[in-house]
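Participant: For what it's worth, our numbering labels the leading residue of the sequence shown as 6, then goes sequentially.
Don't be surprised by glycine CBs; every beta carbon is placed ideally from N, CA and C.
Computed from a predicted structure; not experimentally measured.
Pasting a structure here, questions to come.
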Amino acid sequence: MQLLNAFLILALFTTSSLIAEIRVSARFEPARVGAGKTSQYIVEIVETDDSKKPAAERITSLPIPSNGGLTLRNGRTSSTQSTRITNGISEYSNTQQLIIEAVSSTTGSFTIPAYIFEYKGGRLQAPSATLTVVERSADAAPTVDELIFLQANAPEQLYVGQTTSILLKLYVSGSVTLRGLNAFEQRADGFTVSELPEQSAESVEMFNGRRYRVYSWPLTITPISAGSQDLDFQFTVSAQMPDQRNTRGSQFGGGMLDNFFGRSERFNIYSPPTQIDVRTLPTAGKPESYSGAIGQFSMKVSADSDSTRVEEPIMLSIKLSGSGNFDRIKGPEMPNAKDWRNYMPESTFEPNESQPLKGTKRFDYVFIPEKAGSLKLPEVKFSYFDPNTEKYVELSAPALKTNVLRSNRPTMTTATTPTEKDSAPAINLTKQLSPEELLITLDYRPKPGRRIEKSLLSSPWFNYLNSGAFITLTTSGILIYRRKRLHQNADYTLVHQARQALKLAVKEAQSDEAAVFYRSAQNAIRLAATVRMKRNLRSADFAELEAQFKQSHVADVIIEQARSLFNEADNHRFSGQTHSADLKQARTQLNTTLKAL
Numbered sequence: 006m007q008l009l010n011a012f013l014i015l016a017l018f019t020t021s022s023l024i025a026e027i028r029v030s031a032r033f034e035p036a037r038v039g040a041g042k043t044s045q046y047i048v049e050i051v052e053t054d055d056s057k058k059p060a061a062e063r064i065t066s067l068p069i070p071s072n073g074g075l076t077l078r079n080g081r082t083s084s085t086q087s088t089r090i091t092n093g094i095s096e097y098s099n100t101q102q103l104i105i106e107a108v109s110s111t112t113g114s115f116t117i118p119a120y121i122f123e124y125k126g127g128r129l130q131a132p133s134a135t136l137t138v139v140e141r142s143a144d145a146a147p148t149v150d151e152l153i154f155l156q157a158n159a160p161e162q163l164y165v166g167q168t169t170s171i172l173l174k175l176y177v178s179g180s181v182t183l184r185g186l187n188a189f190e191q192r193a194d195g196f197t198v199s200e201l202p203e204q205s206a207e208s209v210e211m212f213n214g215r216r217y218r219v220y221s222w223p224l225t226i227t228p229i230s231a232g233s234q235d236l237d238f239q240f241t242v243s244a245q246m247p248d249q250r251n252t253r254g255s256q257f258g259g260g261m262l263d264n265f266f267g268r269s270e271r272f273n274i275y276s277p278p279t280q281i282d283v284r285t286l287p288t289a290g291k292p293e294s295y296s297g298a299i300g301q302f303s304m305k306v307s308a309d310s311d312s313t314r315v316e317e318p319i320m321l322s323i324k325l326s327g328s329g330n331f332d333r334i335k336g337p338e339m340p341n342a343k344d345w346r347n348y349m350p351e352s353t354f355e356p357n358e359s360q361p362l363k364g365t366k367r368f369d370y371v372f373i374p375e376k377a378g379s380l381k382l383p384e385v386k387f388s389y390f391d392p393n394t395e396k397y398v399e400l401s402a403p404a405l406k407t408n409v410l411r412s413n414r415p416t417m418t419t420a421t422t423p424t425e426k427d428s429a430p431a432i433n434l435t436k437q438l439s440p441e442e443l444l445i446t447l448d449y450r451p452k453p454g455r456r457i458e459k460s461l462l463s464s465p466w467f468n469y470l471n472s473g474a475f476i477t478l479t480t481s482g483i484l485i486y487r488r489k490r491l492h493q494n495a496d497y498t499l500v501h502q503a504r505q506a507l508k509l510a511v512k513e514a515q516s517d518e519a520a521v522f523y524r525s526a527q528n529a530i531r532l533a534a535t536v537r538m539k540r541n542l543r544s545a546d547f548a549e550l551e552a553q554f555k556q557s558h559v560a561d562v563i564i565e566q567a568r569s570l571f572n573e574a575d576n577h578r579f580s581g582q583t584h585s586a587d588l589k590q591a592r593t594q595l596n597t598t599l600k601a602l
């Protein structure tokens, strides 16, 4: 009992020491702003230690109570370390700030009450903080958020795997001189987002009674995880802002010489916080032919001929036209057809240049008949999910009749080896010549020929040069063929690019830093699955990968190893850990998984 009491006293002392070494504060900077202006809500964690430098634990979220009328957005963190020596005694400190923008369009006093959050296994309390929002004067200069801002027209709801187009717009007022776009970032962990185009479209728009230059970039997004998913964008810009000392004489409250005496600044522009409700596809009514297509499509099926001969190929073409996630559409699976042999299809995609989600994808199947007669090609079925009607649609085309004639190729006979019984008698081709015959027989014995000097054509160097030219031409032909396939065959391009990216991911996975290793391991598994399945799985979550693995008959032990790597990667990612004592076992699991795929 005494031992237990001593343990409890020690635990309480340790907890008190932990709390005494960590101080938490919360405040608004500035604490008083005009309506529509931005303040910063700052939670500061100061940790001190007199024996070693404290290591900060990364905090990715705070349980901040909601406050009606006050919008919190665009959170970020910063940290600093310092050392102070007083009378030979060292004191180490680490300061971590969680900074969130706060803005309100209405006046009043807004208080965020105190709340508890977890830090290093303990529970800390953030004190309350109050922001006062007052009316802006009629002649007040516009805020920075009114002079330059970013918007994205994202939908409120999507389905997992549904590709949609959005337009990212940067609004710049006439009194702002944009010097440059220095960086672009996105916070979209639940989406795959297309690359930002190098060139933007420029236009002029009126917004809230003001005139803006607008820079636009089209993007496509595809949700990969269900639930409420954040989609935020950020530009780091350099711009010359109008001088606020002279606020009269222009529609923005600025003077005529603002652009001459303005200040040049570099700052971050954020899009308004956006959350998209991502839903999973319904299971009710899902056809067996469904393979992931989402959108609106039409189908056309044709054959290149209505007749052929035995063992001579015929091509069955399927054209899918419409709007949707073409990159996730695979060729319809063909059932085993009696009297036919068929092969995997070649696919091509013709996009609509003005509308990236529209186009036509074609699949060409080769069928070879094995007997003569009136035969039927297989019936074709293709299904997709229509997000407008929230229902599955199955398209079908009847079996095409083909007249198959007998082969006109000559029949190859097999040579038989003669036996002793039916073998022909040996013929003696030599005989004794008479003297008369010897006299009239021409002497056919060869005479020594004249000596021919060696020429360049018989030189070994000539052969070497010919061989080099042949190798060069062959290599060029292969490169041209590969380049042609890269342009014409979407599946070949996908696999080729995935193989190249896989080599880089495997190389990055040799890092001893846990965060880098696990991120590279996830990418490597997705890329290896893309190569094997010939389907774009570079952004797939593990549930989608597992379904593909089972469909491709991957061993259960390999699936479990991949699952373990994905789970460990998520643990490192969300816990903020960056280093690991030993990654040897995880690296072995990764190598085994990649070899199996």
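Would you kindly work out how many angstroms separate the C-alpha atoms of I50 and P118, rounded to a whole number?
Facilitator: Taking the straight line from one Cα to the other gives about 17 Å.
Participant: Among P202, T407, L599 and L532, which has the Cα closest to the Cα of E565?
Facilitator: Residue L599 is the option with its Cα nearest to E565.
Participant: Let me know if A545 comes out buried or exposed under the rule of 16 or more other beta-carbons within 10 Å of its beta-carbon.
Facilitator: That one is buried.
Participant: Using a Cβ-Cβ distance cut-off of 8 Å, determine whether N413 contacts chain C.
Facilitator: Here chain C cannot be found, since the structure has a single protein chain.
Participant: Following the continuous alpha helix (DSSP H) through R524, name the residue where it begins and the one where it ends.
Facilitator: R524 -> alpha helix (DSSP H) spans A519 to M538.
Participant: Pull up the distance between the alpha-carbon of G74 and that of K174, whole angstroms please.
Facilitator: Roughly 26 Å separates the two Cα atoms.
Participant: So who's on the other strand from N273, going by DSSP bridges?
Facilitator: The partner list for N273 (beta bridge, DSSP) reads T241.
Participant: Which same chain residues end up closer than 7 Å to P392 when comparing Cβ atoms and leaving out the 5 residues on each side of it in sequence?
Facilitator: Contacts found: Y164, Q167 and I299.
Participant: Quick check: the Cα distance between N572 and R524, rounded to an integer number of angstroms?
Facilitator: Their Cα atoms are separated by approximately 11 Å.
Participant: Provide the residue(s) that pair with V29 in DSSP beta bridges, ordered along the chain.
Facilitator: V29 is bridged to I50.
Participant: Cα separation between G290 and E317?
Facilitator: Spanning the two alpha carbons is a distance of roughly 40 Å.
Participant: Could you compute how far the alpha carbon of N596 sits from the alpha carbon of K589?
Facilitator: Spanning the two alpha carbons is a distance of roughly 11 Å.
Participant: Round the Cβ separation of I281 and Q239 to the nearest angstrom and send it over; I've been treating them as touching at under 8 Å.
Facilitator: In fact, because the Cβ distance is near 17 Å, the residues do not count as touching under 8 Å.
Participant: Are the CB atoms of V198 and A231 within a distance shorter than 8 Å?
Facilitator: For A231 and V198, no; Cβs fall outside 8 Å.
Participant: So who's on the other strand from K386, going by DSSP bridges?
Facilitator: Paired residues: S401.
Participant: If we count Cβ pairs, one from each stretch, closer than 8 Å, do we get three or more for the segment 403-414 versus the segment 374-393?
Facilitator: Taking 8 Å as the limit for Cβ pairs, the verdict is that the segment 374-393 does touch the segment 403-414.
Participant: In whole angstroms, what separates the C-alpha of D517 from that of N273?
Facilitator: Cα-Cα distance, rounded: 33 Å.
Participant: With DSSP as the reference, label R543 as helix, strand or coil.
Facilitator: If DSSP states are grouped into helix, strand and coil, R543 belongs with coil.
Participant: So, for F33: in the same chain, excluding its five sequence neighbours on each side, which residues have a beta-carbon less than 8 Å away from its beta-carbon?
Facilitator: S44, Q45, Y46, I47, A107, A134, T135 and L136.
Participant: Find out if the Cβ-Cβ distance for the pair V385, M320 is shorter than 8 Å.
Facilitator: No. Outside cutoff.
Participant: Relative to the alpha-carbon of R141, which residue among R216, G113 and S269 has its alpha-carbon at the smallest distance?
Facilitator: The shortest C-alpha separation from R141 is found at G113.
Participant: Excluding sequence positions up to five away, which residues of its chain have a Cβ less than 8 Å from the Cβ of K363?
Facilitator: Correct list, in chain order: G327, S328, P356 and N357.
Participant: Just to confirm the assignment, what range does the alpha helix (DSSP H) spanning E592 have?
Facilitator: Before going further, note that residue 592 is Arg rather than Glu in the sequence given. Start and end: K589 to A601.
Participant: Are F115 and L67 touching if we call contact CB-CB under 8 Å?
Facilitator: No, the Cβ-Cβ distance between F115 and L67 is not below 8 Å.
Participant: According to DSSP, which residues form a beta bridge with Q130?
Facilitator: In DSSP, Q130 forms a bridge with I121.
Participant: How many whole angstroms separate the CB atoms of T227 and N330, which I take to be in contact at a CB cut-off of 8 Å?
Facilitator: Yes, T227 and N330 are in contact; Cβ-Cβ is about 7 Å, under 8 Å.
Participant: So, helix, strand or coil for I485, using DSSP?
Facilitator: Reduced to three states, the DSSP call for I485 is helix.
Participant: Which residues in the same chain have their Cβ closer than 6 Å to the Cβ of V306, if we skip the five residues on either side of it in sequence?
Facilitator: Around V306: I323, V385 and A402.
Participant: Among the residues of its own chain, which have a CB less than 8 Å from the CB of T91, if the five just before and after it don't count?
Facilitator: Contacts found: none.
Participant: For S205 and L172, what's the separation of their Cα atoms in angstroms?
Facilitator: Near 11 Å, if we compare the C-alpha coordinates of L172 and S205.
Participant: Provide the residue(s) that pair with R104 in DSSP beta bridges, ordered along the chain.
Facilitator: The amino acid occupying residue 104 in the given sequence is Ile; Arg does not appear at that position. Answer is I47 and R81.
Participant: Expressed to the nearest angstrom, what Euclidean distance is found between the alpha-carbon atoms of Q360 and R592?
Facilitator: For Q360 and R592, the distance between alpha carbons rounds to 43 Å.
Participant: For L155, report the span of its beta strand (DSSP E) as first-last.
Facilitator: From DSSP, the beta strand (DSSP E) with L155 extends over I153 to A157.
Participant: My assumption, with CB atoms under 8 Å, is that I104 sits in contact with S83. Please give the rounded CB distance.
Facilitator: Yes, they are in contact, since the Cβ atoms of I104 and S83 sit about 7 Å apart, within 8 Å.
Participant: Using 8 Å for Cβ pairs, my map puts K366 next to L325. What's the rounded Cβ distance?
Facilitator: About 5 Å separates the two Cβ atoms, so the contact holds.
Participant: Can you tell me whether DSSP reads T20 as helix, strand or coil?
Facilitator: Residue confidence for T20 is low, a pLDDT of 39 falling below 50, so the modelled location carries little weight and cannot support an answer.
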